[in-house]
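Numbering (the working numbering), first residue to last: 126 to 900. A quick write-up on the structure given underneath.
Encoded structure:
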């Protein structure tokens, strides 16, 4: 971030965890949902009136989850959505992964109040994760479009749908909200929000919020810690408004050890990094360096480069060449790892109905980020110091953009034109920091930005220029609604080396000025409707040294001739609603072309360049269904089910025509065929409770499908009591029955075949209690 901008901003299944919104706020959102979804007062809206598969979750639904939960985890119950994380909040970014209909997170689009969040990847190259972009208590609603996101969504990666987040507006009246949470692993969270209400007649409304959370890891040693500040202002002007916001996040989290199936069988789900056991970590690193030296000695003897009768001398005497039990390899555990992120996100804009025919919306935004990903690596020693170094991947983002649209209402037509432009400067570097040869504890910690690097392996400046426009017309004839339009997208990527290392520099471009979308809504009557849609999308290339076309060698980049990934999606569905029930069922078919695979090359900590290749097509088809049934005014049931069949259509072959991976007919990695969710909710105004079960089918984590993790069911629950209309207490339990399971897969990428150290264990049973008050 520039100095100029800084100066401008600056124990048995007991019971369970988080806090609800204040009753008044929860009721308000339930009423809003009822207005949108029919007579059933639900806080999950199933897209009534939309010509595409789309659902919406309101703040009151998120509030029934654990306080501080990621909104991504809250939407996991929607059909076709698969979300996994290794922590109970879904906010631990190394583990946080969401996929929809077989499309990975990097192939989805994400926005917050129209501001692009990029692909929300851990690599952090073009945006930031929603758990940093806004405090979870300030999320007003989340809209999920499983296949065809809105044409105006500001995203260059939404091949498989969009997830759009919307913030709560400053309240009309003065108010204060405060909550406190305590729970398992010494979890502590505090949240406070102040709303000014209207200042004077038709004056501005402001809100200011602060959240702090500190929790220990559920295994091993370490913390998950975050400070956040959100500020927002709205100034009404006639029927429109000017608005502005500034959000700040400072996040520091220690990582869990990545596992393989073999490690889980040998070491168990509770296995983790060595953190706090520095001496064992040092011993393992010394043993490994002795093994490396022995291998070099043996090679020298074999090829005659060493003199006759040479005697091997270990660089580290006294530790031998065998790892201490139960360690079997140097990658079984590292001393520690962490992710550090500091973000500023700001925007100003206008929503202006200029007359009864014309509405203008425009917003400018800024995002600044500084981040570090740290790993204590035994692969590189500190000269004259410890047999380890701290390896970092360092991030520095400055991006500016504008999103604008005009809506014209002419009779039965609503005609919209819009554009999005962004200029993103991203610096990324790989550095090593020395460690002293100490006893008992390392000379550097893992939760502070390190200084004075020992070496820089590579350092690149990336610039990404994005231009998108869209044109759309919606014709509503009463019984029939037709919408049609297209968007055009051009993204240019430039990689400039400061320290090249062994990575690629150069320029790429993804461009398609005509990506059409069309939808049809046929209202059978007031309560039943059919919908159909057709969508084409393209994913731009990534500007990064750890992903995309630049994350390979220069020779590999020159020979790539990559094409951008594209998708064509067809949807057909039916919705119904009544005073007690609302439901949706939809089928889809997706033709995904020029899929790019980054093959894992060695263990993640080694940071070897990935091997990239277009590997042909993927065909996906499936069925999704969801419904809410209001049994009584107090009791409601929700359920969803999704079947997805995503298969590679081609084998991966090299330039010589040799099959590298026999993937034709194999299921796409991390793409469960079955997802089923069910939920029972009781609320009589004073007492409320909810229990939900989530089934995830088996998932493959090798491209040839010879490595898989089994399916599992996780049950979460909540119970609470409202003392009055301003004070409530809530208890939550996550993983109520303490299931041991693999949550996230692919943390270190996917291999062609065989087991791979790319799995994370899910969090065990956890309990939390939240008290909330307001006035």
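Glycine included, each C-beta is placed from N, C-alpha and C at the ideal position.
Do residue 226 and residue 209 have their C-beta atoms within less than 8 Å of each other? No.
What does the alpha-carbon distance come out to for the pair residue 697 and residue 656? Cα to Cα, the separation comes out at about 6 Å.
Secondary structure at residue 425, three-state DSSP: helix, strand or coil? Here residue 425 sits in helix by DSSP.
I'd like to know if the stretch 377 to 390 and the stretch 882 to 892 are in contact, where contact means that at least 3 CB-CB pairs between them fall below 8 Å. With a cut-off of 8 Å on Cβ pairs, the stretch 377 to 390 is in contact with the stretch 882 to 892, counting three or more such pairs.
N- and C-terminal bounds of the beta strand (DSSP E) containing residue 718: Following the DSSP letters along the chain, one finds residue 718 inside the beta strand (DSSP E) bounded by residues 706 to 718.
Alpha carbons only, please: which of 799, 290 and 794 is nearest the one belonging to residue 870? Shortest Cα-Cα distance from residue 870 to any of 799, 290 and 794 involves 794.
Taking just the CA atoms, how far does residue 282 sit from residue 590? Whole-angstrom Cα-Cα distance: 14 Å.
How should residue 684 be labelled, buried or exposed, when 16 other C-beta atoms within 10 angstroms of its C-beta is the threshold for buried? Exposed, since its Cβ has fewer than 16 Cβ neighbours within 10 Å.
In angstroms with no decimal places, state the Cα-to-Cα distance between residue 364 and residue 327. One C-alpha to the other measures close to 11 Å.
Flag this pair as touching only if the stretch 252 to 270 and the stretch 173 to 191 have three or more C-beta atom pairs under 8 Å; answer yes or no. Flag = yes, the stretch 252 to 270 and the stretch 173 to 191 touch.
I'd like the list of long-range same chain contacts for residue 636, defined as Cβ closer than 6 Å, with 5 residues on each side in sequence excluded. Taken in chain order, the residues that qualify are 615.
Pull up the distance between the alpha-carbon of residue 354 and that of residue 337, whole angstroms please. If you draw a straight line from the Cα of residue 354 to the Cα of residue 337, it is about 9 Å long.
If you drop the 5 nearest sequence neighbours on each side, which residues of the same chain put their C-beta closer than 8 Å to that of residue 797? Hits under 8 Å: 207, 769, 821, 822, 823, 824 and 836.
Quick check: the Cα distance between residue 258 and residue 176, rounded to an integer number of angstroms? Approximately 29 Å, taken between the alpha carbons.
Are the stretch 471 to 487 and the stretch 425 to 433 touching by the rule of at least three beta carbon pairs closer than 8 Å? Contact between the stretch 471 to 487 and the stretch 425 to 433 is absent, because fewer than three Cβ pairs lie under 8 Å.
Along the beta strand (DSSP E) that carries residue 586, what are the first and last residues, could you check? From DSSP, the beta strand (DSSP E) with residue 586 extends over 580 to 601.
I'd like the span of the beta strand (DSSP E) that includes residue 308, first residue to last. First-last of the beta strand (DSSP E) with residue 308: 300 to 308.
On a CA-only basis, which of 373, 585 and 813 is nearest residue 493? Give me that one, please. Of the candidates 373, 585 and 813, the residue whose Cα lies closest to the Cα of residue 493 is 373.
Exposed or buried, what is residue 391 when buried is set at 16 or more other beta-carbons lying within 10 Å of its beta-carbon? Around the beta carbon of residue 391, fewer than 16 other beta carbons lie within 10 angstroms, which makes this residue exposed.
Go to residue 663, then tell me how far its beta strand (DSSP E) extends in each direction, as first and last residue. First-last of the beta strand (DSSP E) with residue 663: 653 to 663.
What does residue 251 pair with, by DSSP beta-bridge criteria? Paired residue(s): none; residue 251 is not in a bridge.
Grouping DSSP H, G and I as helix and E and B as strand, with all else coil, what is residue 157? Low per-residue confidence applies at residue 157: pLDDT is 39, beneath 50, and the placement is therefore not dependable, though the value from the model is reported in the following sentence. Three-state DSSP puts residue 157 in a helix.
Could you give the first and the last residue of the continuous beta strand (DSSP E) run that contains residue 361? Per DSSP, residue 361 belongs to the beta strand (DSSP E) from 348 to 362.
Residue 213 and residue 891 - do their beta-carbons sit closer together than 8 Å? Cβ atoms of residue 891 and residue 213: closer than 8 Å.
Report yes or no: do three or more beta-carbon pairs, one from the stretch 521 to 529 and one from the stretch 542 to 551, lie closer than 8 Å? Touching, yes, given that three or more Cβ pairs across the two stretches are closer than 8 Å.
Decide if residue 311 is buried, meaning its Cβ has at least 16 other Cβ atoms within 10 Å, or exposed. Exposed is the call here.
Roughly how many angstroms lie between the CA atoms of residue 749 and residue 766, to the nearest whole one? Roughly 6 Å separates the two Cα atoms.
Pick out whichever of 473, 624, 469 and 406 has its Cα sitting closest to the Cα of residue 456. Checking every option, the nearest Cα to that of residue 456 belongs to 406.
Where does residue 627 sit, in a helix, a strand or coil, going by DSSP? In this structure, residue 627 counts as coil in the three-state DSSP scheme.
DSSP beta-bridge partners for residue 753? According to DSSP, residue 753 shares a beta bridge with 707 and 763.
Mind checking residue 886: buried by the 16 CB within 10 Å criterion, or exposed? Burial check for residue 886: the Cβ neighbour count within 10 Å reaches 16 or more, so the residue is buried.
Between which two residues does the alpha helix (DSSP H) containing residue 388 stretch? Its alpha helix (DSSP H) spans residues 386 to 392.
Neighbourhood of residue 164 by C-beta, 6 Å cutoff - its chain only, sequence neighbours within 5 removed: Unreliable placement is indicated for residue 164, whose pLDDT of 38 sits below 50; the coordinate value is still reported in the next sentence. Once the five neighbours on either side are set aside, the close Cβ partners of residue 164 are 704.
Among 817, 381 and 331, which has the Cα closest to the Cα of residue 368? Looking at the Cα atoms, 331 is the closest of the given residues.
On the CB-based measure, 16 or more other CB atoms within 10 Å of its CB, does residue 603 come out buried or exposed? By the neighbour-count criterion, in which a residue is buried when 16 or more other Cβ atoms sit within 10 angstroms of its Cβ, residue 603 is exposed.
Using beta-carbon positions only, say whether residue 587 and residue 669 come within less than 8 Å of one another. Yes, Cβ-Cβ distance for residue 587 and residue 669 is below 8 Å.
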